[in-house]
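Read the structure below first, then the notes.
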Amino acid sequence: MSKEIVVSGIRSTGFLHIGNYFGAIRNYIKMQEEYNCYFFVADYHSLTTHPDPASLKPNVYRVLAENIACGLDPEKVALYVQSDIPEIPELYLMLNMMAYKGELEKTASFKEKARANPDNVNAGLLTYPTLMSADILIHKGKYVPVGKDQEQHLEMARNFAQRFNHRYGEMFPEPYPFNFGAELVKIPSLDGKGKMSKSENENATLYLSDSDELIRKKVMKAVSGDAPTEPNSVKPDVIENLFLLMKLVSEDDVIAKFESDYNACTIRYGDMKKQLAEDMVSFIAPIREKTIAIQEDKDNLHKIMKIGKEKARESSVRTLEQARKMMGINFYC
Ligand code: AQP
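According to this note's numbering, the sequence shown holds residues 204 to 536 in order.
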């Protein structure tokens, strides 16, 4: 039986963080064993907000290296760079004919980014969901391992797939976000304001490249507030966030101890943060070290990119030919 198809990408807009890891990459690594996986560096998507050529190149290499350092095996998956696949922008153009201005303008991420950068509300930003749909549909992807912030984009991808199928005939499966049956994840920033991010909230985001000292410094500065005064009281959001982070990297008995201290009102947030910092250091340091080694070997990275490109183009060329035919764009036969 043929394996089900998985597609997901990460923008090359900076250093990867534990939100990218626990929201997306952790699932990539699990899924590579049982699914037919296409994972890519979304360099075109970066241009909507980060058009600087000098930083694009190192960012692309680093995202590739960080994915591999986290455990992604380029022999098991197609690991490629988005702009190496010319069929993606062609399908993007086709899907744009089925995407309406009103629905694109209503997308939460568009509204957020347009508000944050009023001088750069470009058409690429508006049509981000159609490019993301093309990324997925070009391989007829069924599952998309992503963080919670991508839920709405996936809903739009399903709409575009349905519209194409309705207008031109059955062609695309409807893609769904995937997290092994669990809720999609959102890793909060350490200041309690929004999510960890590559290009915002840098002091409140834990990057996979942070030094041990920097990790300790950031975690110790995490917002915590006053200790509880009533036993078994409801945790404020910032404390929920600290426990959420602890559940990602700490041992069960450590978490249980701090839970019980919290409920007994004996918790010392300083101690909790110290423990969390050490557990984060143990998690991040090996990935950081591996990334450095992988990044140094450019020849190997080029080889990996080329192999990934070949694998990804095989299915992209097939899909695009089929889409052109169904749309009536096949004049030489
Ligand atoms: N904080 C987060 N928690 C859980 N998942 C997250 N992801 C991002 N931040 C979190 C997931 O990581 C994958 C790659 O994200 P992206 O590069 O495509 O873009 P993004 O969502 O805009 O991520 P950033 O890091 O915040 O980037 P910038 O700063 O460039 O905008 C996605 O699966 C995403 O859900």
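Yeah, the Cβ is synthetic: ideal placement off N, Cα and C, and Gly gets one too. Since this is a predicted model, take the numbers as computed values, not measurements.
| Asked | Found |
| --- | --- |
| Own chain, CB closer than 8 Å to residue 361, minus 5 neighbours either side, in chain order | 377, 378 and 379 |
| For residue 470, the first and last residue of its enclosing alpha helix (DSSP H) | Careful: residue 470 lies outside any alpha helix (DSSP H) and carries neither H nor E. |
| Cα-Cα separation between residue 413 and residue 461, rounded to whole angstroms | 26 Å |
| Anticipated Cβ contact below 8 Å, residue 448 with residue 411, distance rounded | Their Cβ separation, rounded to whole angstroms, is 15 Å, which puts residue 448 and residue 411 out of contact at 8 Å. |
| Residue of 204, 269, 227 and 229 minimising C-alpha distance to residue 494 | 269 |
| Contact test: residue 355 Cβ vs ligand 1 heavy atom, cutoff 7 Å | no |
| Reduced DSSP secondary structure (H/G/I, E/B, other) of residue 273 | helix |
| For residue 295 and residue 313, believed in contact at Cβ under 8 Å, the rounded distance | The Cβ separation is near 16 Å, so there is no contact. |
| CB contact flag (residue 239, residue 207, <8 Å) | yes |
| Residue range of the alpha helix (DSSP H) that includes residue 305 | 304 to 308 |
| 6 Å Cβ shell around residue 215 - same chain, five flanking residues per side excluded | 244, 246, 249, 262, 263 and 266 |
| Presumed contact (8 Å Cβ cut-off) between residue 172 and residue 275, rounded CB distance | Residue coverage of the chain in this structure runs from 204 to 536, which leaves residue 172 outside it and unanswerable. |
| Residue 306 to residue 345 span [Cα, whole Å] | 23 Å |
| Contacts around residue 388, its chain only, beta-carbon distance under 7 Å, and the 5 residues preceding and following it disregarded | 225, 226, 350, 351 and 382 |
| Assigned exposure category for residue 204 - 16 Cβ within 10 Å defines buried | exposed |
| Delimiting residues of the beta strand (DSSP E) encompassing residue 239 | 239 to 245 |
| Contact test: residue 403 Cβ vs ligand 1 heavy atom, cutoff 7 Å | yes |
| Proximity test, residue 333 beta-carbon vs ligand 1 heavy atom, cut-off 7 Å | no |
| Check: residue 349 C-beta below 7 Å from any heavy atom of ligand 1 | yes |
| Reduced DSSP category for residue 282 - H, G, I as helix; E, B as strand; rest coil | strand |
| Rounded separation between residue 254 and residue 325 - CA only | 11 Å |
| Under 8 Å between C-beta atoms of residue 321 and residue 510 | no |
| Close beta carbons around residue 223, own chain, < 7 Å, minus the five adjacent residues each side | 213 |
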